[in-house]
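All letters in the sequence shown, in the order written, are residues 3 to 164 by this note's numbering.
Each residue gets a CB set at the ideal place from its N, CA and C atoms; glycine is no exception.
All figures in this text were calculated on a predicted structure; none of them were measured in a lab.
Report on the following structure.
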Amino acid sequence: MAIRVIRTKEDPALREVALEVKKITPQVRKLLDELAETMYAAEGVGLAAPQVGIAKRLIVIDAQDQNGLLKLINPLIIERKGKEKAPEGCLSFPGVVGEVERDEIVTVQATDPDGHTVQICASGLLARAFQHEIDHLDGILFVDRVTCFISDENREVGREEA
């Protein structure tokens with residue numbers, strides 16, 4: 003395996019819309035493994051392929067819950083309920099934390115590495131991570147959704163500095 007370089011801040015790869023994965027190949031499975039290894043090395047909760055410069059609809063998430071490590075292909079939010087604001091960060095914006103409003107509960111449909119369709123209903127951190135990582139697949143960054151920056155290297159900042 004290999005730990006990939008995580009793209010940061012204004013890297014153009016972060017704004018690309020990822021392409022649908024049409025076939026699950028050994029290379030796709032290897033990339034999911036490398037995404038997971040990279041996420042764990044960076045001490046993150048989730049990582050999307052565009053964050054390592056690959057415009058494919060692949061994400062990994064480990065919210066440290068009963069679901070364990072999730073490796074998902076072509077994830078799609080099919081149901082949303084409620085709203086909540088909470089602090090959020092991103093491996094592509096080290097040291098930056100901002101308040102983001104997200105759906106409280108989401109149901110995600112995706113394909114697992116074995117080609118099975120899965121549906122996961124999530125709340126809390128997992129729901130937030132799903133929304134955050136799926137945004138990455140659409141070229142949307144968490145700083146686009148921040149209502150108030152809480153911390154940038156431990157200092158209070160305002161929205162206009164994004």
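Please work out which residues of its chain come closer than 8 Å, Cβ to Cβ, to residue i, disregarding the five sequence neighbours upstream and downstream, and give them in chain order.
i: V145; result: C92, F95, V98, G100 and A164
i: G84; result: D105, E106 and I107
i: G117; result: I26
Could you give the C-beta distance for residue i and residue j, rounded to a whole number, given that I count them as a contact under 8 Å?
i: A44; j: A131; result: Between A131 and A44 the Cβ distance is about 14 Å, and since that is not below 8 Å, they are no contact.
i: V62; j: M41; result: 6 Å
i: G33; j: L49; result: It should be noted that the sequence gives Leu, not Gly, for residue 33. The pair is not a contact, with the Cβ atoms about 11 Å apart (cut-off 8 Å).
i: V2; j: L127; result: Missing from the structure shown is residue 2; the chain here goes from 3 to 164 and no further.
i: C123; j: T113; result: The pair is not a contact, with the Cβ atoms about 17 Å apart (cut-off 8 Å).
With DSSP as the reference, identify every bridge partner of residue i, one or two as the case may be.
i: G48; result: I63
i: Q121; result: Q111
i: K83; result: I107
i: G91; result: V99
i: L78; result: Q111
i: K73; result: V62
Give every residue of the same chain whose Cβ lies closer than 6 Å to the Cβ of residue i, excluding the five residues on either side of it in the sequence, and list them in chain order.
i: R59; result: A20, E22, V23, N76 and L139
i: T149; result: E101
i: Q111; result: L78, I80 and Q121
i: A4; result: E36
i: A86; result: The amino acid at residue 86 is misidentified as Ala; the sequence shows Glu. So the list reads E106, once near-sequence residues are dropped.
i: T10; result: S94
Answer with buried or exposed for residue i, where buried requires no fewer than 16 other C-beta atoms within 10 angstroms of its C-beta.
i: Q121; result: exposed
i: I80; result: exposed
i: H134; result: buried
i: E103; result: exposed
i: K73; result: buried
i: P52; result: buried
i: E12; result: exposed
i: P14; result: exposed
i: A129; result: buried
Looking only at its chain, what residues have a beta carbon closer than 7 Å to the beta carbon of residue i, apart from the 5 residues adjacent to it on each side?
i: R31; result: P115
Just checking residue i against the ligand NAP - is the residue's beta carbon closer than 7 Å to any of the ligand's heavy atoms?
i: I26; result: Because no ligand of any kind appears in the structure shown, any question about the ligand NAP cannot be addressed here.
Does the region 18-30 come close enough to the region 133-151 to have 3 or more Cβ pairs within less than 8 Å? yes
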